[in-house]
Amino acid sequence: EVQLEESGGGLVQPGGSLRLSCAASGFTFNSYWMHWVRQAPGKGLEWVSRINVDESNTIYADSVKGRFTISRDNAKNTLYLQMNNLRAEDTAVYYCSRDSSGFYQFIDYWGQGTLVTVSS
Amino acid sequence: DIQMTQSPSSLSASIGDRVTITCRASRTINSYLNWYQQRPGKAPKLLIYVASSLQSGVSSRFTGSGSGADFTLTISNLQPEDFATYYCQQSYFAPFTFGQGTKLEI
């Protein structure tokens, strides 16, 4: 069974930093591309970032480019999102998700999310 | 960026009804269109991928269709567990944008 468990969320002041982690299990982590998607309170889904299997290809939404960094540790089956210079508008539930990683790529599994609140 | 527009934004229906949700892309995305269901307080769940392929374990009451820029999600014989918010997402070109969501209410 595919399982994705996020951690690291919490309350942080504007301008601060936070690192989210996502522990993956139930599949061969180093064979799958991975994503982060977020959802502000009461709002819709916003795609944030994607990483390929060996970290050689990463892409970001314009809203986080230059502030967020996606990475992974295949030995630990863990995905990360380093978030710097946080803003109030970054307040959201952050979901770790798996890419199908086949010919057609799409998000096929999601974690339960971790809440990040940016406030003074 | 590719903009995804869903309609309607909200929809009221009854148990046993059939409903259709529409998703339009701002440019052609071939068949790179996926549908997700999100129940309150829960993570999204994949229903349909590549416009019309049913994800394993998902009820056959869910049907996706379309190609190019116009897509639909049809839910037949509505059941209580279907009342949720539905999102389309294009996976053709980054950023992989979502529609604004359609809230299906009783």
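Top to bottom, those sequences are chains A and B. Position one of the first sequence corresponds to residue 10 (the working numbering), numbered consecutively onward. Position one of the second sequence corresponds to residue 29 (the working numbering), numbered consecutively onward. Built from N, CA and C at the ideal position, the CB exists for glycine as well. Since this is a predicted model, take the numbers as computed values, not measurements.
- With contacts defined by Cβ atoms closer than 8 Å, V11 of chain A and R76 of chain A do not form a contacting pair.
- Using beta-carbon distances, N105 of chain B does not count as an interface residue toward chain A, since no partner is under 8 Å.
- 8 Å or more divides the Cβ of T130 of chain B from the Cβ of L74 of chain B.
- DSSP links F36 of chain A through a beta bridge to no other residue.
- Contact between the segment 91 to 102 of chain B and the segment 50 to 68 of chain B is present, with at least three C-beta pairs closer than 8 Å.
- For T48 of chain B, the enclosing beta strand (DSSP E) stretches over residues V47 to A53.
- Annotation: R46 of chain B to D110 of chain B spans about 11 Å, alpha carbon to alpha carbon.
- For G111 of chain A, the number of other beta carbons within 10 angstroms of its own is below 16, and it is reported as exposed.
- In the structure shown, A97 of chain B falls within a coil segment according to DSSP collapsed to helix, strand and coil.
- Distance between G19 of chain A and T33 of chain B, taken at the CA atoms: about 32 Å.
- For P36 of chain B, no chain A residue has a C-beta closer than 8 Å to its own C-beta; the minimum C-beta separation is roughly 14 Å.
- Between T125 of chain B and chain A, the shortest Cβ-Cβ separation is below 8 Å.
- Neighbours of A33 of chain A across chain B, judged by C-beta separation under 8 Å, do not exist; the nearest C-beta is about 14 Å away.
- When C-beta atoms of the segment 36 to 46 of chain A are compared with those of the segment 83 to 94 of chain A, three or more pairs fall below 8 Å, so the two segments count as touching.
- Secondary structure of D71 of chain A (DSSP, three-state): coil.
- Identification of residues in the segment 111 to 124 of chain A having a C-beta nearer than 9 Å to some C-beta of chain B yields Y113, Q114, F115, I116, D117, Y118, W119, G120, Q121 and G122, given in sequence order.
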